[in-house]
Amino acid sequence: MAVATTRTTRKDPGRPAAAGVPGRGAPPGRTRTGGGTPPGRGRLIGTAPYLLLLPALAATVVLLGWPLVKNGMLSFQNLNMRQLIQHLTEWNGVDNYREALTSEDFWRVTARSVVFTSVNVVLIMVLGTLIGLLLARLGTKMRLLLSTGLVLAWAMPPIAATTVYQWLFAARFGVVNWVLDKLGWHSMADYNWTGSQFSTFFVITVLIVWQSIPFVAINLYAATTTIPKELYEAAALDGAGAWRSFTSVTLPFLKPFLLATVFLEVIWVFKAFPQVFAINEGGPDRLTETLPVYAFIEGVGNQHYGMGAAISLLTIVILLALTSYYLRIVLKQEKDEGGEL
Numbered sequence: 001m002a003v004a005t006t007r008t009t010r011k012d013p014g015r016p017a018a019a020g021v022p023g024r025g026a027p028p029g030r031t032r033t034g035g036g037t038p039p040g041r042g043r044l045i046g047t048a049p050y051l052l053l054l055p056a057l058a059a060t061v062v063l064l065g066w067p068l069v070k071n072g073m074l075s076f077q078n079l080n081m082r083q084l085i086q087h088l089t090e091w092n093g094v095d096n097y098r099e100a101l102t103s104e105d106f107w108r109v110t111a112r113s114v115v116f117t118s119v120n121v122v123l124i125m126v127l128g129t130l131i132g133l134l135l136a137r138l139g140t141k142m143r144l145l146l147s148t149g150l151v152l153a154w155a156m157p158p159i160a161a162t163t164v165y166q167w168l169f170a171a172r173f174g175v176v177n178w179v180l181d182k183l184g185w186h187s188m189a190d191y192n193w194t195g196s197q198f199s200t201f202f203v204i205t206v207l208i209v210w211q212s213i214p215f216v217a218i219n220l221y222a223a224t225t226t227i228p229k230e231l232y233e234a235a236a237l238d239g240a241g242a243w244r245s246f247t248s249v250t251l252p253f254l255k256p257f258l259l260a261t262v263f264l265e266v267i268w269v270f271k272a273f274p275q276v277f278a279i280n281e282g283g284p285d286r287l288t289e290t291l292p293v294y295a296f297i298e299g300v301g302n303q304h305y306g307m308g309a310a311i312s313l314l315t316i317v318i319l320l321a322l323t324s325y326y327l328r329i330v331l332k333q334e335k336d337e338g339g340e341l
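Just so it is clear: in the sequence shown, position 202 is 202 by full-length UniProt numbering, and no numbers are missing.
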């Protein structure tokens, strides 16, 4: 009688199991995958940046979004001191906006704000650019000294800086009048710098320009450090002088920075409130009011809170219109340059 024998093979524990055959390294029902990221972990990594942004977005909504919504609701109300005391809510539709837009004072203040912003931004950009280029030329010690002074001016709070300027330009015992008197302008010994529209705006402009120059100068100096020195060497070999090197090498590299900085400065100057209000509260005779100060005086000073809210929202709309027009010009220039390339 024949006996059937089966031959068994002993598996080597160190040898991996064949593909598709369950072994010790791969339990039945599971297929070993490669070294890729698990799907769940990949989704988590993809959403991680958005999760990290959630605290900032929540703070923005709470601190900026909700007050803006409340201000918008307030602009459609007739809210004066009587309504506040009696806890009344009187909706008046678009009457506040209609009254503001048909007021000559509103458009006069708007034109004044645009001119004021334009003058300040031009001075800030010209002087800031010159000082930034000077920083690039100075030695290490002088650059450190000048940068320290710029940072100190930049770090000073607006109200503190305004108080210092009030002391400097005081009619009596002011340093500016004392210096001018010593230099021979004796009529300036007791000059009242806040007595006229022009002189008041002069003081405010000097203050705002002084506070804004450090931002432009320091950032422009940082931008100049990214320009390859080989380009200047090539320009020098071609016989280019200082002005030609600036226009052909430096300016093209700095153009994106200058455009972005102008955009930021327009916003910063247009909405400047502490400097304008603290110097003379929009005086004399409300001749130095800009739109933020005008909204505050109409809303809080005259206790027409709904009107003040409407003017403040119109200020935001005007600022958005100005910045969108500027961005349109910038994008058009970039598109034209891209087409030339």
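Note that the Cβ used here is the ideal one computed from N, Cα and C, for glycine as well.
Query                                                                                           : Result
Inter-residue Cα distance where the pair is Ala-111 and Thr-288                                 : 12 Å
Close beta carbons around Asn-78, own chain, < 6 Å, minus the five adjacent residues each side  : Glu-90, Asn-92, Gly-306
Cβ shell of Ala-309 (< 7 Å), same chain only, five flanking positions each side left out        : Asn-71, Leu-74, Ser-75, Gly-299
Simplified DSSP state of Pro-22, which is helix, strand or coil                                 : With a pLDDT of only 46 at Pro-22, under the threshold of 50, the placement of this residue in the model should not be trusted; the figure read from the coordinates follows. Coil at Pro-22, not helix or strand.
For Thr-6, the three-state DSSP class (helix, strand or coil)                                   : Here Thr-6 scores only 43 on pLDDT, less than 50, and its place in the model is too uncertain to base an answer on.
9 Å Cβ cutoff met for Ser-248 and Ala-260                                                       : no
Close beta carbons around Leu-123, own chain, < 8 Å, minus the five adjacent residues each side : Thr-205, Val-209
Span separating the alpha-carbon of Leu-254 from that of Ala-321                                : 25 Å
Option in His-304, Phe-263, Pro-49, Gly-139 with minimal Cα separation from Thr-323             : Phe-263
Close beta carbons around Leu-146, own chain, < 7 Å, minus the five adjacent residues each side : Leu-135, Leu-138
Buried or exposed (CB count within 10 angstroms, at least 16 for buried), Ile-279               : buried
Span separating the alpha-carbon of Ser-245 from that of Ile-318                                : 39 Å
Proximity winner among Ser-212, Val-176, Phe-169, relative to Thr-194 (alpha-carbon distances)  : Phe-169
Contact with chain C by Leu-254, beta-carbon distance below 9 Å                                 : Reference to chain C is not applicable here, since this structure consists of a single protein chain.
Closest residue to residue 342 among Ala-59, Phe-273, Phe-215, Gln-86 (Cα-Cα distance)          : Examination of residue 342 is not possible in this model, given that the chain is present from 1 through 341 alone.
Distance between Thr-315 and residue 381 (C-alpha atoms, nearest Å)                             : No information on residue 381 is available, as it lies outside the stretch 1 to 341 that the chain covers here.
Within 9 Å, strictly: CB atoms of Ile-311 and Tyr-325                                           : no
Host alpha helix (DSSP H) of Pro-252 (start-end)                                                : 251-270
One or two residues paired with Trp-107 in a DSSP bridge                                        : Partner(s): none; Trp-107 has no beta bridge.
Environment of Thr-117 [buried if 16+ CB atoms lie within 10 Å]                                 : buried
Cβ contact (3+ pairs, closer than 8 Å) linking the segment 183-202 and the segment 97-110       : no
C-alpha distance - Trp-178 paired with Met-142, whole-angstrom precision                        : 30 Å
Ala-236 versus Lys-335 - alpha carbon distance                                                  : 30 Å
Coarse secondary structure for Trp-210, derived from DSSP in three states                       : helix
Leu-130 versus Pro-252 - alpha carbon distance                                                  : 16 Å
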